[in-house]
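What follows is one structure encoded as structure tokens, with my remarks underneath.
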Amino acid sequence: MTNAHSPTPARKTRSVSRRFSYAFIGIGTLILIAFAAVGIVFNIILIEGELETRLDKVMQLARTNLPTPLKNLDKDILNGFVEAIFIDASIVYAKISRQDQVITEKKRPGFELHELETSMQPSLFLGAKFIVKSADIQFAEGGVGKIRIVVSGESAKKQVLLQIYGIVALIVLIIAAIWLFEARTGQLGQSVEEQKALVEISRVVSSNLNVEAVLSGIVRHAVQLSKTDAGTIYEFDEAEQVFVPLTNFGVDAAFIQALRESAHGVGDDTVIGRAVIKGAPEQIPDLENVPDYPLPFVKEAGFRAMLAVPLLREDRLFGGLVVRRREAGWFSKPVEKLLQTFATQSVVALHNAQLFREIEEKGRELEIANKHKSQFLANMSHELRTPLNAILGYTELIIDNIYGDVPEKIREVLERLEKNGRHLLGLINDVLDLSKIEAGQLVLSLNEYSMGEVVQTAITAVEALAVEKKLELKTRVPQDLSIARGDEQRIAQVLLNLLGNAIKFTDEGEVRVEVTDSDETFSVSVTDTGPGISETDQKKIFDEFQQADGSSTREKGGSGLGLSIVKKIVEMHGGRIWVESDVGKGSTFRFTLPVRVDRQRDE
Amino acid sequence: MMKTKILVIEDNEDNRRIVRDLLTNAGYEVIEAVTGQEGVTAAETQGPELILMDIQLPDFDGYEATRRIKANPTLSAIPIIAVTSYALSGDDVKAFEAGCNAYVTKPFSPRELLAKIREYLQ
């Protein structure tokens, strides 16, 4: 508990303020005691003075009232006077004499005469038990009488003592109050610090998946707030059944190494081993009393007391939190409670981290599974094409009369067969392309090409379709386009796809291709006079298996993969594609493409 | 008049038959080989005027077969048309690098194949 070595500035600041408050209380107490002493002396003087005045009054009374009775030797009056002054309980003896002859004398029972006669001290509080007062009384020419009274100091003393007791009691009360107040404030300060630490930790725990950082924060706060010197959070390794020190505070590397190598587990008689079996906090108040502690290096490092809290959640053991102190002694209940709170936070952190690890693992597995799926699709579609190739090949040979003349009726059916076969082949190719892109297998073949030629190739390929639908096919391509670099075949595929769609969905009007070239970027657009695409559909048509309108899929055919492949090819070139459309007015698909593509972009 | 000899190196029986039926009908003599090694041997012994080379072959691939044939000075002038798979990107480049004169992608249309062959036999 000493502040002799303070590991952090925070703790130093606190101990300084504590020292200051101790000094403050000390000085305050001294001032109070001084005030009390002055008060007591003042009271004594006051009481003594009062006594003196009272006795002086008695003497004065005697001098004015006794001369006549003394002269006449009127004993009754003299006795009456003595009786009267004896009403004052502190007067214990009175004597009236005339010419050394005692006329009347009265002594309160319980007092020895010689005692009364010999006590001559001047002040009650310098040890005198009694005060003696005497006065001469002149009753005639040369006639002198004497009155002598003795007053017991007991009651005055009692009175003074009572006052002293009162003052002391008051001082004690005040000091106690100050101490209590200070202790309470200190406690409040402590609990405010605890609250702050807990808030900080729970914020960190819930926001941070870096378990090391979270736990090192917890162990540091645990050590500082429990005013101990070192701490360790262990994670329980279920496979090895040992406690692995995860984060430490206030110990050196050699100590941590020793902890790690000791490989202690649940069954071992360590403080954490015991705490786990107990399922509750466990203390060792003094290691000196545990000669065969399983981890001897703990004592060697100078630690005397230890407190361990198991990290448990729903009967599952996550690990343990241990704090160590160089000073022997029990840990208080509040400290145990505090550490239990920290333990709960540690469990949350460890649990979060484990969940996070699991999710990451699952993510990786999913990614692998997805790659497998894509690979499977790539393989499968490749395999599907081989027999289809044969079907299409034979069909074409039969149509071309290679195997003899074919009756017109059969030829017509064969042509339908061929058309459907080609459609099927297109679908398979789309699936293949997409799965290859997803499996990361689509590699662009980057070479020099001419955009003008690519457009011309695409136009040639779709010309027949446009003629069949009586659509006008227009192109506007500048003559002086720079020599470009990219995957010519894939770019042609993009253009073919966009042109194919435009022709497919447009029933009258025209389809137009335009190319512009600025800032090292081609801008290519394919515009049609078709039905247009609603705004909602514009957002999803580039997604896989989506077409603008479900009904058009059945009517116009298509896999819904074309545009997503197109988008990926454009993006792999570092370009962008989008659609501009008004329902009823037609659509423009536009994509940009860097003129020189030097590397493939894989997201 | 001697018919023009075309060597078809192809492991798939249907593909072989389609090419055979197509080319025989077009008036060519067709020599068939199923493996790369058979193909190279046939090229050396039969003296074809054109070779159709499938790329995926059971022993060594069509690129290797092409390299071996082109490495032989007496055969290097024979045009070789590679039949590359659409599935494998970059096949065209590899085919040219190996020494092929042209390529068609699989699946091919017999009509287009015939046009390509005629182009190289002129």
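Protein sequences appear in the order of chains A and B.
Under my numbering, think of the first position of the first sequence as -10, with each following residue one higher.
Under my numbering, think of the first position of the second sequence as 363, with each following residue one higher.
Cβ atoms here follow ideal geometry from the backbone N, Cα and C, with glycine treated the same way.
- By alpha-carbon distance to Leu550 of chain A, the top candidate from A:Val483, A:His371, A:Val231, A:Gly519 is A:Val483.
- Taking a cut-off of 8 Å for Cβ pairs, the region 334 to 348 of chain A and the region 304 to 319 of chain A touch, as three or more such pairs fall below it.
- Taken in chain order, the unbroken stretches of beta strand (DSSP E) that lie wholly in the region 241 to 324 of chain A and span 3 residues or more are 271 to 273, 294 to 302, 305 to 314.
- Counting only residues of its own chain and dropping the five nearest sequence neighbours on each side, Gly389 of chain B has a CB closer than 7 Å to the CB of Lys365.
- Around the beta carbon of Val27 of chain A, fewer than 16 other beta carbons lie within 10 angstroms, which makes this residue exposed.
- For Glu477 of chain A, the uninterrupted alpha helix (DSSP H) run begins and ends at 477 to 494, by DSSP.
- Straight across, the Cα-Cα distance linking Ala379 of chain A with Asp421 of chain B is about 23 Å.
- Taking 8 Å as the cut-off, the Cβ atoms of Gln152 of chain A and Ile29 of chain A count as close.
- Taking 8 Å as the cut-off, the beta carbon of Ala427 of chain B is found closer than this to the beta carbon of Val402 of chain B.
- The beta carbon of Ser424 of chain A is closer than 6 Å to those of Ser363, Leu366, Ala367 in its chain, skipping five residues each way along the sequence.
- With a contact defined as Cβ atoms closer than 8 Å, Asp476 of chain A and Thr495 of chain A miss out at about 28 Å.
- Between the alpha carbons of Arg579 of chain A and Glu354 of chain A lies a gap of roughly 37 Å.
- Sequence-ordered contacts of the region 366 to 391 of chain B with chain A read Asn374, Asp376, Asn377, Ile380, Asp383, Leu384, Asn387 [C-beta pairs closer than 8 Å].
- For Ser471 of chain B, the neighbours in chain A by C-beta distance under 7 Å run, in chain order, Glu385.
- In this structure the region 410 to 418 of chain A does not lie against the region 443 to 452 of chain A, because fewer than three pairs of beta carbons, one per stretch, are closer than 8 Å.
- Closest option to Gln478 of chain A, judged by alpha-carbon separation, among A:Ser507, A:Val555, A:Val504: A:Val555.
- At least one CB of chain B lies nearer than 8 Å to the CB of Asp389 of chain A.
- Ranking A:Leu55, A:Ile558, A:Phe331, A:Asn486 by CA distance to the CA of Ser434 of chain A puts A:Ile558 first.
- Between Asp532 of chain A and Ser553 of chain A, the CB-CB gap stays under 8 Å.
- Excluding its 5 nearest sequence neighbours in each direction, Phe170 of chain A has no C-beta neighbour in its own chain below 8 Å.
- Annotated as proximal: Ile207 of chain A and Phe331 of chain A, with beta-carbon spacing under 8 Å.
- The CB of Lys468 of chain B comes closer than 9 Å to the CB of Arg374, Thr375, Asn378 in chain A, given here in chain order.
- Under the DSSP assignment, Ser570 of chain A falls in the beta strand (DSSP E) whose first and last residues are 565 to 571.
- For the pair Gly424 of chain B and Leu416 of chain A, the Cα-to-Cα distance works out to about 28 Å.
- Taking 8 Å as the upper bound on Cβ-Cβ separation, chain B lies near residues Leu414, Asn418 of the region 402 to 419 of chain A.
- Residue environment: Thr53 of chain A is assigned as exposed (fewer than 16 neighbouring CB atoms within 10 Å of its CB, all protein chains considered).
- The Cβ neighbour count for Thr407 of chain B, taken over all protein chains shown within 10 Å, is under 16; the residue is labelled exposed.
- Contact between Ile163 of chain A and Ile80 of chain A does not hold, since their C-beta atoms are separated by about 38 Å, which reaches or exceeds 8 Å.
- Taking a C-beta distance under 8 Å as the contact criterion, Asn199 of chain A and Thr221 of chain A do not qualify as a contact pair.
- Proximity of chain B to Leu381 of chain A at the Cβ level (cut-off 7 Å) is accounted for by Pro469, in chain order.
- Secondary structure in the region 18 to 98 of chain A: the alpha helix (DSSP H) runs of 4 residues or longer, each lying completely within the stretch, are 56 to 61, 64 to 74 in chain order.
- According to DSSP, residue pairing for Glu224 of chain A in a beta bridge involves A:Val233, A:Gly308.
- Runs of alpha helix (DSSP H) with 4 or more residues, each lying fully within the region 404 to 469 of chain A, are found at 440 to 457, listed in chain order.
- Rounded to the nearest angstrom, the gap between the Cα atoms of Lys64 of chain A and Ala124 of chain A is 19 Å.
- Burial state of Glu372 of chain B is buried, judged by a 10 Å Cβ sphere holding 16 or more other Cβ atoms.
- Nearest Cα to Pro283 of chain A within the set A:Arg97, A:Asp389, A:Val233, A:Ser251: A:Ser251.
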